[in-house]
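Data block below; observations after.
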Amino acid sequence: MIYLQVNNLTKRFGAELILSNIKLEIKQHDRIAIVGRNGAGKSTLLNIISGQLSYDEGEIHKPKEVTLGYLAQHSGLDSAETIWDEMLKIFEHFIKEEKKLRQMEQQMGDPDLIEDQEKYQQLLSNYDQKQEAFKTAGGYQYEAEIKAVLNGLDFPESMWGTSIATLSGGQKTRLALGKLLLTKPDVLILDEPTNHLDIQTLTWLENYINNYNGAVVIVSHDRYFLDKTVNIVYEISRQESAKFHGNYSKYLDQKAANYERDLKQYEKQQTEIKKMEDFIQKNLVRASTTKRAQSRRKQLEKMEVMDKPLGDEGSAKFSFSIDRRSGNDVLKINDLAFRYESSEPYIFSNLNINLSRGESMALVGPNGVGKSTLLKNIIGQLDPAKGTIQLGANVQIGYYDQEQTLLHEKKTVLNELWDDYALMNEKDIRTILGNFLFSGDDVLRPVSALSGGEKARLALAKLMMEKANFLLLDEPTNHLDLDSKEILEAALVDYPGTILFVSHDRYFINKLATQVLEMQANKTTVYLGDYDYYLEKKQEEAQLKELQKEELVEASKQQTKSDFKKEKELKKAERKKQRRIEEIESEVEQLEEELSRNEELLCDPEVYQDHEKSLELTDKSGQIKATIERLMEEWERLHED
Numbered sequence: 020m021i022y023l024q025v026n027n028l029t030k031r032f033g034a035e036l037i038l039s040n041i042k043l044e045i046k047q048h049d050r051i052a053i054v055g056r057n058g059a060g061k062s063t064l065l066n067i068i069s070g071q072l073s074y075d076e077g078e079i080h081k082p083k084e085v086t087l088g089y090l091a092q093h094s095g096l097d098s099a100e101t102i103w104d105e106m107l108k109i110f111e112h113f114i115k116e117e118k119k120l121r122q123m124e125q126q127m128g129d130p131d132l133i134e135d136q137e138k139y140q141q142l143l144s145n146y147d148q149k150q151e152a153f154k155t156a157g158g159y160q161y162e163a164e165i166k167a168v169l170n171g172l173d174f175p176e177s178m179w180g181t182s183i184a185t186l187s188g189g190q191k192t193r194l195a196l197g198k199l200l201l202t203k204p205d206v207l208i209l210d211e212p213t214n215h216l217d218i219q220t221l222t223w224l225e226n227y228i229n230n231y232n233g234a235v236v237i238v239s240h241d242r243y244f245l246d247k248t249v250n251i252v253y254e255i256s257r258q259e260s261a262k263f264h265g266n267y268s269k270y271l272d273q274k275a276a277n278y279e280r281d282l283k284q285y286e287k288q289q290t291e292i293k294k295m296e297d298f299i300q301k302n303l304v305r306a307s308t309t310k311r312a313q314s315r316r317k318q319l320e321k322m323e324v325m326d327k328p329l330g331d332e333g334s335a336k337f338s339f340s341i342d343r344r345s346g347n348d349v350l351k352i353n354d355l356a357f358r359y360e361s362s363e364p365y366i367f368s369n370l371n372i373n374l375s376r377g378e379s380m381a382l383v384g385p386n387g388v389g390k391s392t393l394l395k396n397i398i399g400q401l402d403p404a405k406g407t408i409q410l411g412a413n414v415q416i417g418y419y420d421q422e423q424t425l426l427h428e429k430k431t432v433l434n435e436l437w438d439d440y441a442l443m444n445e446k447d448i449r450t451i452l453g454n455f456l457f458s459g460d461d462v463l464r465p466v467s468a469l470s471g472g473e474k475a476r477l478a479l480a481k482l483m484m485e486k487a488n489f490l491l492l493d494e495p496t497n498h499l500d501l502d503s504k505e506i507l508e509a510a511l512v513d514y515p516g517t518i519l520f521v522s523h524d525r526y527f528i529n530k531l532a533t534q535v536l537e538m539q540a541n542k543t544t545v546y547l548g549d550y551d552y553y554l555e556k557k558q559e560e561a562q563l564k565e566l567q568k569e570e571l572v573e574a575s576k577q578q579t580k581s582d583f584k585k586e587k588e589l590k591k592a593e594r595k596k597q598r599r600i601e602e603i604e605s606e607v608e609q610l611e612e613e614l615s616r617n618e619e620l621l622c623d624p625e626v627y628q629d630h631e632k633s634l635e636l637t638d639k640s641g642q643i644k645a646t647i648e649r650l651m652e653e654w655e656r657l658h659e660d
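Residues in the sequence shown are numbered consecutively from 20, following our numbering.
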């Protein structure tokens with residue numbers, strides 16, 4: 020089923036053309052990425068599709084019954100409700116229907132209604148229908164769905180009673196995403212949904228999207244995320260759209276192959292045109308070949324001349340070099356711990372790092388574990404609570420701050436660099452800025468007027484000029500478009516120094532990291548490989564834990580069986596002992612009666628005058644007493660046991 024079609028769409032802001040001749044088709048189960056450079060019009064297109072913006076020309080077809088859900092970039096959830104109550108609002112229809120079912124159940128217990136069999140049977144039938152419809156619609160699982168989404172987006176149960184008004188901007192954005200996912204529209208439109216998500220949450224979102232029943236349209240700069248989720252890519256470039264089948268990596272391959280094919284066809288045609296023009300020029304004036312030349316001219320006039328294929332739009336061009344080489348040991352951290360106040364718990368502790376020259380280490384871990392804080396400890400902005408940080412010989416640090424606090428808002432782009440390198444010519448400074456896509460009057464703009472991506476490029480320009488041999492990078496790919504990310508990757512791959520970086524961009528980690536250090540609150544673990552290797556090892560660890568858990572469960576079962584067998588044997592022995600006690604008591608009772616009879620007989624004159632008979636009874640009594648004594652000793656021993 021086709022959920023939405025866009026045909027020949029055009030959008031202008033004033034006289035500026037933003038989008039032209041855009042074509043887009045969304046079918047059920049499609050996973051679509053819309054890619055393009057910053058400013059290409061991706062978010063504008065999403066706003067038009069979702070009805071937030073008008074358009075100038077073209078058509079958008081959408082069946083009335085198709086529902087759209089749109090999460091705009093930087094949008095957060097504003098509400099005075101708690102997290103749980105806000106999520107419940109989505110399912111108010113279920114809550115009302117559930118109340119009706121409870122009311123019907125109470126009616127079923129009414130004795131007067133039970134006596135009226137016709138009304139009672141009608142109520143039962145109505146209840147069965149409503150309950151089945153409630154069950155089919157998912158009425159018995161909406162709370163479980165809320166819990167799954169909140170846990171997946173890193174909202175543990177301890178937070179569900181928290182007022183949304185007290186949450187951070189990033190948390191509100193995640194919550195807005197969660198609410199949209201729970202509404203389950205036919206078409207889910209997400210603009211940069213991976214912002215503010217750590218790697219664990221990103222993995223959860225990938226699985227959620229892959230199992231989503233409707234269509235999903237995504238704008239994202241997270242290439243790993245796109246590779247895992249999408250099967251169609253629409254590229255917006257030079258105001259127009261082009262469609263590619265496959266994930267992001269396949270799109271890159273297909274785009275490169277298309278360019279090579281089109282360039283060869285163009286060059287072949289140009290060669291052919293040149294030959295025809297030469298032939299016409301040489302033969303048109305000759306009587307013997309004029310007709311052939313005229314024929315070639317007509318052929319050339321009818322030919323549909325190809326435009327030269329356009330390559331990528333202008334990209335930043337830069338590389339990182341170093342002034343001097345560092346020693347082999349670049350960074351040693353032993354048993355490091357940090358907290359903001361002595362009364363507060365540690366942000367991290369027991370942290371150890373050994374980094375050698377030429378290595379590139381990625382810091383990963385959940386949000387709040389202190390990755391950015393660690394970098395600030397290394398550069399001396401923050402002081403550790405305990406432990407040591409030791410830099411090697413000739414180590415020169417270059418630091419990239421994700422918040423861009425090292426830029427001066429009141430300076431111009433030109434002066435942001437030139438003030439630090441006053442001896443350089445203005446022309447050389449402008450050339451460097453040009454490599455980072457700041458040209459002409461762009462360099463005279465104040466830093467405060469720059470976008471997030473422009474500030475990121477300016478900060479990278481400053482970092483490049485430092486020529487440091489040890490780079491500390493805090494989320495360097497944030498705010499960069501896909502093209503700029505690839506340029507940065509290429510520059511850092513060829514960098515001859517050492518890198519320690521924090522990133523949630525798994526594609527970037529894969530390209531750059533020679534080892535991954537996983538930070539947790541009270542320990543660190545090093546994995547000697549890229550991100551895929553780290554994932555593989557984490558899965559092996561998880562499988563090992565699961566195996567150990569299964570072994571423990573099996574051992575517990577065996578122990579339970581053994582304990583049951585022992586208990587069974589003990590109960591059997593207990594019953595046997597109890598029977599023996601009862602036997603002894605019965606036997607002693609009989610012997611005491613026999614002893615009593617013997618003593619009565621010994622008092623009889625006829626018996627005690629009969630010496631032989633008296634002696635026999637006396638011996639018999641002695642044997643009975645001895646037997647009773649032996650039995651009583653056994654009885655006491657059994658009771659003690």
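Even for Gly, the Cβ is constructed at its ideal location relative to N, Cα and C.
Computed from a predicted model, the values in this text were never measured in an experiment.
- When secondary structure is reduced to three states using DSSP, residue 366 falls in the coil class, being assigned neither helix nor strand.
- With a beta-carbon spacing of about 7 Å, residue 53 and residue 236 fall inside the 8 Å limit used to define contacts.
- In the DSSP assignment, residue 114 falls within the alpha helix (DSSP H) that extends over 111-127.
- Residue 329 and residue 533 have their C-alpha atoms some 36 Å from each other.
- In this structure, DSSP gives residue 513 a state outside helix and strand, which the three-state scheme calls coil.
- Taking the Cα positions, residue 320 is about 60 Å away from residue 217.
- Ranking 209, 29 and 21 by CA distance to the CA of residue 94 puts 209 first.
- Per the C-alpha coordinates, the member of 55, 505, 547 and 222 positioned closest to residue 255 is 55.
- By the 16-neighbour rule on beta-carbons within 10 angstroms, residue 623 is exposed.
- Around residue 37, the same chain offers 30, 31, 60, 63 and 258 as residues with beta carbons nearer than 8 Å, after the five sequence neighbours per side are excluded.
- Close CB contacts of residue 284 within its chain, under the 8 Å cut and outside five residues either way in sequence, are with 325 (chain order).
- Residue pairing by DSSP places residue 351 opposite 373 and 409 in a beta bridge.
- For residue 427 and residue 436, the gap between their C-alpha atoms comes out near 10 Å.
- For the 8 Å CB-CB criterion, residue 315 and residue 292 do not form a contact.
- Spatial neighbours of residue 145 in its own chain (CB-CB distance under 8 Å, excluding positions within 5 residues in sequence) are listed in chain order as 123.
- By the CB criterion at 8 Å, residue 484 and residue 553 fall outside the cutoff.
- About 16 Å separates the beta carbons of residue 490 and residue 408, which is beyond the 8 Å limit, so they are not a contact pair.
- Residue 551 holds the alpha-carbon nearest to the alpha-carbon of residue 529 among 411, 551 and 582.
- Distance from residue 488 to residue 517 at the Cβ level is roughly 7 Å; contact confirmed, criterion being Cβ atoms closer than 8 Å.
- The beta carbon of residue 85 lies closer than 8 Å to those of 22, 23, 205 and 206 in the same chain, with the five residues before and after it left out.
- Assignment of residue 359 by DSSP, reduced to helix, strand and coil, places it in the coil class.
- Taking a C-beta distance under 8 Å as the contact criterion, residue 386 and residue 351 do not qualify as a contact pair.
- Residue burial annotation: residue 195 is buried, with at least 16 other C-beta atoms found within 10 angstroms of its C-beta.
- For residue 550, no beta strand (DSSP E) run applies; the uninterrupted alpha helix (DSSP H) run containing it begins and ends at 550-621, by DSSP.
- Within the same chain, 243 and 550 come within 6 Å of residue 525 by CB-CB distance, once the 5 residues on both sides are set aside.
- If you ignore the 5 residues before and after residue 119, its C-beta comes within less than 8 Å of the C-beta of 149, all in its own chain and listed in chain order.
- Residues 654, 657 and 658 of the same chain have their beta carbon placed closer than 8 Å to that of residue 600, with the five preceding and five following residues left out of the count.
- Note on geometry: alpha-carbon atoms of residue 78 and residue 472 lie some 32 Å from one another.
- In the DSSP assignment, residue 315 falls within the alpha helix (DSSP H) that extends over 309-321.
- Per DSSP, residue 493 is one residue of the beta strand (DSSP E) stretching across 489-493.
- Beta-bridge pairing by DSSP links residue 210 to 238.
- Between the stretch 535-544 and the stretch 375-391, the count of Cβ pairs shorter than 8 Å is three or higher; the stretches touch.
- Taken through DSSP and simplified to helix, strand or coil, residue 341 comes out as coil.
- Per the DSSP secondary-structure output, residue 431 pairs in a beta bridge with 465.
- Around the Cβ of residue 505, a 10 Å sphere holds 16 or more other Cβ atoms; the residue is buried.
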